[in-house]
Amino acid sequence: KSKKIQSAKKQIFFFIFTPHKPSVSHTAVTFITNATILITMKFPLLAAAALCGSTVNAEIYFKEQFNDDAWKDRWTISSDWKSKSELGEWANTAGKFYADASDKGLQTSEDARFYGLSAAMAKAFNSSEKKDLVIQYSVKHEQKIDCGGAYIKLIPGGDNFEGTKFGGDTPYAVMFGPDICGSTKRTHVIFHYDKKEDNLLVNKDVGCESDQLSHLYTLVLRPDNTFEVFVDNKSVRSGKLDEEFDFLEEKEIKDPEQSKPEDWVDIKQIPDPEDVKPEGYDDISEEIPDPDAEKPDDWDDEDDGEWEAPMLDNPDFKGPWSPKMIPNPGYKGEWEHPMVPNPEYSYDDNMYAVCKDGCTHVGFELWQVKSGTIFDDIIVTDSLEEAQKFAEETFFKKKEGEKEMFDEVERKKREEEEAAMADMEDEDDFDMEDMPMMGDEF
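Residue numbers for the sequence shown follow the numbering used here, so the first one is 3 and each next one is one higher.
#1: Using only the alpha-carbon positions, how far apart do residue 120 and residue 429 sit?
#2: Rounded to whole angstroms, what is the Cα-Cα separation between residue 379 and residue 179?
#3: Just list the residues that DSSP pairs residue 201 with in beta bridges.
#4: Measuring only the C-alpha atoms, how far is residue 427 from residue 112?
#5: Determine which residues share a DSSP beta bridge with residue 2 and list them.
#6: Taking the alpha helix (DSSP H) that residue 266 falls in, what are its first and last residues?
#7: What are the residues that DSSP puts in a beta bridge with residue 120?
#8: From what residue to what residue does the alpha helix (DSSP H) around residue 378 run?
#9: By Cβ distance, which residues of its chain are closer than 6 Å to residue 331, with the 5 residues on each side in sequence left out?
#10: If you follow the alpha helix (DSSP H) that residue 70 is part of, which residue opens it and which one closes it?
#11: DSSP three-state call for residue 139: helix, strand or coil?
#12: Between residue 354 and residue 223, how many whole angstroms is the CB-CB distance? I'm expecting something under 8 Å.
#13: Could you give the uninterrupted runs of the alpha helix (DSSP H) lying entirely in the stretch 224–281, keeping only those of 4 residues or more?
#14: What's the C-alpha gap between residue 69 and residue 107?
#15: Under a three-way DSSP split, which group does residue 332 fall into?
#16: For residue 1, tell me which candidate among 327, 134, 373, 308 has the shortest Cα-Cα distance.
#17: Considering only the alpha carbon of each residue, which of 184, 234, 228 lies closest to residue 398?
#18: Should residue 286 and residue 319 be called a contact, given that it needs their Cβ atoms to be closer than 8 Å?
#19: So for residue 318, helix, strand or coil by DSSP?
#20: Determine the burial state of residue 293: buried for a count of at least 16 other Cβ atoms within 10 Å of its Cβ, exposed for fewer.
#21: Alpha carbons only, please: which of 79, 394, 254, 226 is nearest the one belonging to residue 351?
#22: Closer than 6 Å by C-beta to residue 367: which residues in its own chain qualify, once you throw out the five before and the five after it? Chain order, please.
#23: Within 10 angstroms of its Cβ, does residue 314 collect 16 or more other Cβ (buried), or is it exposed?
#24: Do you know how far the Cα of residue 321 is from the Cα of residue 277?
#25: From residue 424 to residue 412, what does the alpha carbon distance come to, in whole angstroms?
#26: Quick one: using the 10 Å Cβ neighbour count with 16 as the cut-off for buried, is residue 337 buried or exposed?
#27: For residue 83, is the classification buried or exposed, using 16 other Cβ atoms within 10 angstroms of its Cβ as the cut-off for buried?
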């Protein structure tokens, strides 16, 4: 018997085919992640037990919700990265609008500052285990951000990692999340690649949200060398690493042994050899005296000089002569350089292995012009389903309540602004009435 397993969101469909036993029809079993089994046709109990045994428990490498004061013990400020005057303070708060005041996050609180913060993971994620890498967290730009980063980093280092020195120059494995400055609004997706000793940015920008509400960012890196980005649990970009990033050299290059032949004609048009410049063409002046102009009656030649009529553009002047162009009978088209296989190209099965020596920490290393961004509900796991489950328990649970409070805050703000404007208009009217009236003598 052959088995085909197909994963779709929260369901996994198992199909058992028995082509050599006509008496046994195709059997389908739907296996739901909550361990409920719906059997659409009867089949041996042992087969069902075998399917149930195929579940894999997700592993959580890091989880943070910032809902207790002990977050300060779990996280390390990058105090040695920048001077104290350059580093901004982190605030533990639910913000100005929220679904639950006790559900807090970590917020940047000072304008025009650097922010550095890192924490150790409960267990190192190692790419050698060939598991999916899932990074997820929420971002809320309460301040109407104009310029600043809000990305998270996954960092190697182990026992040698120095949290107080963590900053922009610290090596990292993954950099992921929104970055906004002016009209540039992108979600960074950057993977470190040891073979090039470089951090590779996705070739085509991935958009991000820029309003004042919380948004959920999820990155999945798979051992089949594919990746996927979700915003608010909606897939916004997916693809192959070798197609979306510059991990590999080009498959083909221009043949170094070939060059355009010297007699190759790639000029589409040539001057018409039979087109001759008309006789007297060069004698036509660019300007001529205005034929309708007349010498003014009060013009005095002795005082004003000899009168000359103003000049006008000559309608017969056509500019410098050039022969008309005709198709070149010898034209061969644009020459295309022949391509050959690139000897430097080699597919790498381990492009996904950004944590080949183990990723042990997560961190934020940011610059913000206008502070106020709140980070929350961070998880690093090997299961997209586990991350989505965590999102249901956190982000989606409070999303509606946060929006309702935001709308209420905005409504009150508009009412206060309208009332203030009305007061200003009343004051202007009062000032006009107090002004002394002008008499008829004025």
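All C-beta atoms, glycine included, are put in the ideal place defined by N, C-alpha and C.
In short:
#1: Cα to Cα, residue 120 sits roughly 54 Å from residue 429.
#2: Residue 379 and residue 179 have their C-alpha atoms some 14 Å from each other.
#3: Answer by DSSP bridge pairing, in chain order: 194.
#4: Those two C-alpha atoms are separated by around 35 Å.
#5: Because the chain here runs from 3 to 444, residue 2 falls outside it and cannot be looked at.
#6: Residue 266 -> no alpha helix (DSSP H), and no H or E assigned at all.
#7: Beta-bridge partners assigned by DSSP to residue 120: 78, 365.
#8: If you look at residue 378, you'll find it isn't in any alpha helix (DSSP H); it sits in the beta strand (DSSP E) that goes 375–383.
#9: Closer than 6 Å at Cβ, skipping near neighbours: no residue.
#10: Residue 70 -> no alpha helix (DSSP H), and no H or E assigned at all.
#11: Correct three-state label for residue 139: strand.
#12: Correct: roughly 6 Å between the Cβ atoms.
#13: Runs found: 243–246.
#14: Residue 69 and residue 107: Cα-Cα distance of roughly 7 Å.
#15: Of the three classes helix, strand and coil, the one that applies to residue 332 here is coil, per DSSP.
#16: With the chain represented from 3 up to 444, any question about residue 1 goes unanswered, as that position is not in the structure.
#17: Nearest option by C-alpha distance: 234.
#18: Yes, the Cβ-Cβ distance between residue 286 and residue 319 is below 8 Å.
#19: Correct three-state label for residue 318: coil.
#20: Label assigned to residue 293: exposed.
#21: Cα-wise, what sits closest to residue 351 is 226.
#22: Excluding residues within five positions, the ones whose Cβ falls inside 6 Å are 118, 169, 170.
#23: Looking at its Cβ environment, which holds fewer than 16 other Cβ atoms inside 10 Å, residue 314 is exposed.
#24: Rounded to whole angstroms, residue 277 to residue 321 spans 16 Å at the Cα level.
#25: For residue 424 and residue 412, the gap between their C-alpha atoms comes out near 18 Å.
#26: Result: exposed.
#27: With 16 or more Cβ atoms within 10 Å of its Cβ, residue 83 is classed as buried.
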